[in-house]
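Heads up, the thing below is written out as C-alpha cells.
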Amino acid sequence: MQINREELIKRLMLADASFLTFREKTVLEKNLDSPDALAIMSIDDISSMVKRTFGKAHWDAGYSLDQAAKNSIILEKLGINFAFYDSEDYPAMFKEMTDPPYAVFYRGDIKCLKNSCVSVVGTRRATNDGRKAAFDFGKDASDNGTVIVSGLAFGIDIASHKGALSGALGKTCAVLPSGIDKIVPGAHIKEAAKIIEKGGCVLSEYTPLTEVQAFRYIQRNRLIAALSPATVVIQAPAGSGAMTTASLALDYNRYVFFSQVCLGKESELLYDVVEGELKKTALIQKNKEKLIAGKLNNSPKNYIQEGAPVIKNYAEYAHYMHNGSEPLKKVNTDGQLDLFKADSQKE
0 MQINREELIK RLMLADASFL TFREKTVLEK NLDSPDALAI MSIDDISSMV
50 KRTFGKAHWD AGYSLDQAAK NSIILEKLGI NFAFYDSEDY PAMFKEMTDP
100 PYAVFYRGDI KCLKNSCVSV VGTRRATNDG RKAAFDFGKD ASDNGTVIVS
150 GLAFGIDIAS HKGALSGALG KTCAVLPSGI DKIVPGAHIK EAAKIIEKGG
200 CVLSEYTPLT EVQAFRYIQR NRLIAALSPA TVVIQAPAGS GAMTTASLAL
250 DYNRYVFFSQ VCLGKESELL YDVVEGELKK TALIQKNKEK LIAGKLNNSP
300 KNYIQEGAPV IKNYAEYAHY MHNGSEPLKK VNTDGQLDLF KADSQKE
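For the record, in the sequence shown the residue sitting at position 60 is 59 according to numbering that gives the first Met the number 0, with numbers rising by one throughout.
Here it is, written out as C-alpha cells:
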C-alpha cells in the first residue's frame, strides 16, 4: 500500500499513541485528514472523538508530531518496512485478534508468514535438554516447510530460531519488545541478520526509537501467540513469560502443546528453583501474594493435568494438527480453563 508522507506521519503518530486502542486509532485516522489536524487536538478533543476520557498526561501533541517526523526519516534511512492494518502485507492472523496491532514495522520478508507457522516459546533459563528440544523442533519444522515464530530471547527462543535457520526452509520470524531499529537482546544481532538474510523477518508493533520496557514483553508475547495456529511450550516454569504466551494463545482460540521436556528431570529441578524464588518473594512482599499464587497456578503441570497434549517432536505436533481435536476453549462453566476436550471420536 502506497501512502504519502503526510499520511505516514499521521499514522506514525497514531501507532505511537499507546494509550489508544486499535479501534480508537482507526476512528481518529478516518476522521482526521493530516498530521497537523491530529497535532492541534487536545486530549479532551481526542476523548470526545473516541468517546472515552483520558488523563492529561497521555498526550503531548507537539512531541508526537516531532517524533513521527523523525521516525519517517528513520524508516527510510534504515530501510525499515511497515504494514498498517489495511495493508496487503499486514499478517492475516492479526486480524483474528481482539487487540490487534495498528501497524507492524519489520525487516526482511513479512510474506514468510503466509507459510505454515508455529510459535515456539520457553524459558531464558533453558537446560541442555530444553535447548536441544527447541533446536530440533525448529529444524524439523523448517525441513517440513513451516516457519518458526518466537521472540529472539536467550534460551528456548534463540535455540528454536537457530534450528529453523539450519533447516531446509530456513525461515523464521522474530518478534521484538522494542522498536525495530534496535535488536533486543543485542547479543543476538548476528542471528537477526541471518534471519533477514534467509528470507525470514524481524518485526515489532513499536515505532523506531521505542525503548524496551517490562510491560512490552507481555504485549510482544500476544503477537507471538497470535501469529500461528498453535503455540508449543518447550520448557517453562510456572508464571513465566512463556506460560503467559500459552494463556494468550487460549484467548485467541489457538492450540497449545507442551514438549515432553516439560516433564523431564532437568525441567523439574528448574521449576523447583523458580517456585522457591516466587514463594520467597511472596513471604517478603505480602502485597504480591495473590499475584504470585496466580503465577504458580499457571504451570505446565496444571495444563497437562487438564489434558493439554504432550509431544515428543515436530512429527507428533504435525500429526496432531492434522488429526487432532478442536482448538482450546478459554473458560468452562466453572470459570476454569477448559484446556482440551477429550476427543473420544478418535479413540
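Positions of the beta carbon are idealized from the N, C-alpha and C atoms, including for glycine.
To the nearest angstrom, how far is the alpha carbon of Leu327 from that of Asn252? Bear in mind that the predicted position of Leu327 carries a pLDDT of just 42, short of 50, making it too unreliable to give a figure here.
Assess contact between the region 257-274 and the region 309-317, defined as three or more Cβ pairs (one per stretch) separated by less than 8 Å. Is contact present? A contact exists between the region 257-274 and the region 309-317.
Backbone CA spacing between Arg4 and Gly61 [nearest angstrom]: 18 Å
Alpha carbons only, please: which of Ile109, Leu31, Ala317, Gly162 is nearest the one belonging to Val201? Ile109
Bridge-paired residues (DSSP) for Ser115: Beta bridge pairing from DSSP links Ser115 with Thr145.
Let me know the secondary structure DSSP gives Leu202 once reduced to three states. strand
Please go through the same chain and pick out, in chain order, the residues whose beta-carbon is closer than 8 Å to the beta-carbon of Ser298, but skip the five residues on each side of it. Pro236, Ala237, Gly238, Met242, Tyr270.
Let me know if Glu276 comes out buried or exposed under the rule of 16 or more other beta-carbons within 10 Å of its beta-carbon. Exposed, by the Cβ-count rule.
Taking the alpha helix (DSSP H) that Ile233 falls in, what are its first and last residues? Run containing Ile233: none in the alpha helix (DSSP H); it sits in the beta strand (DSSP E), 229-234.
Please state the DSSP three-state secondary structure of Arg51. coil
Same chain, Cβ closer than 6 Å to Ala16, neighbours up to 5 away in sequence not counted: Nothing meets the Cβ criterion.
Just how far apart, CA to CA, sit Pro99 and Lys138? The straight-line gap from Cα to Cα measures roughly 29 Å.
How far does the alpha helix (DSSP H) with Ala36 in it extend, from its first residue to its last? Counting along the chain, the alpha helix (DSSP H) containing Ala36 begins and ends at 34-38.
Residue(s) in a DSSP beta bridge with Ala82: Val103
Classification of Phe83 by the beta-carbon crowding that lies within 10 angstroms, buried from 16 upward: buried
Beta strand (DSSP E) segment containing Ser258, residue limits: 254-258
Go to Ala173, then tell me how far its beta strand (DSSP E) extends in each direction, as first and last residue. 171-174
Figure out for me which residue from Leu13, Gln304, Lys279 has the closest Cα to the Cα of Ala292. Comparing Cα positions, the closest option is Lys279.
Three-state class that DSSP yields for Glu325 in the structure shown: Its pLDDT being 48, under 50, Glu325 is placed unreliably in this model, and the coordinates cannot settle the point.
Along the chain, which unbroken stretches of the alpha helix (DSSP H) at least 4 residues long are found entirely within the region 52-77? 60-77
Please confirm whether Cys116 and Pro228 have their CB atoms less than 9 Å apart. yes
When DSSP labels each residue in this structure, what does Val211 get in the three-state scheme? coil
Quick one: using the 10 Å Cβ neighbour count with 16 as the cut-off for buried, is Gly169 buried or exposed? buried
With 16 other CB atoms within 10 Å as the buried threshold, where does Ser41 fall? exposed
Name the residue from Glu23, Ala36, Gln304, Asp128 whose alpha carbon lies nearest to the alpha carbon of Thr52. Glu23
Please name the residue in Ser177, Ala191, Arg10 whose C-alpha comes closest to that of Ala386. Absent from the structure is residue 386, since the part of the chain shown begins at 0 and ends at 346.
On the DSSP bridge list, what partners appear for Ile217? DSSP lists no partner for Ile217.
4 or more residues per run - each alpha helix (DSSP H) lying fully within the region 267-318: With a minimum length of 4 residues, the continuous alpha helix (DSSP H) runs that stay inside the region 267-318 are 288-296, 299-304.
Any idea which residues DSSP pairs Val120 with across the strands? Val232
Same chain, Cβ closer than 8 Å to Val26, five either side skipped, listed in chain order: Met48, Val49
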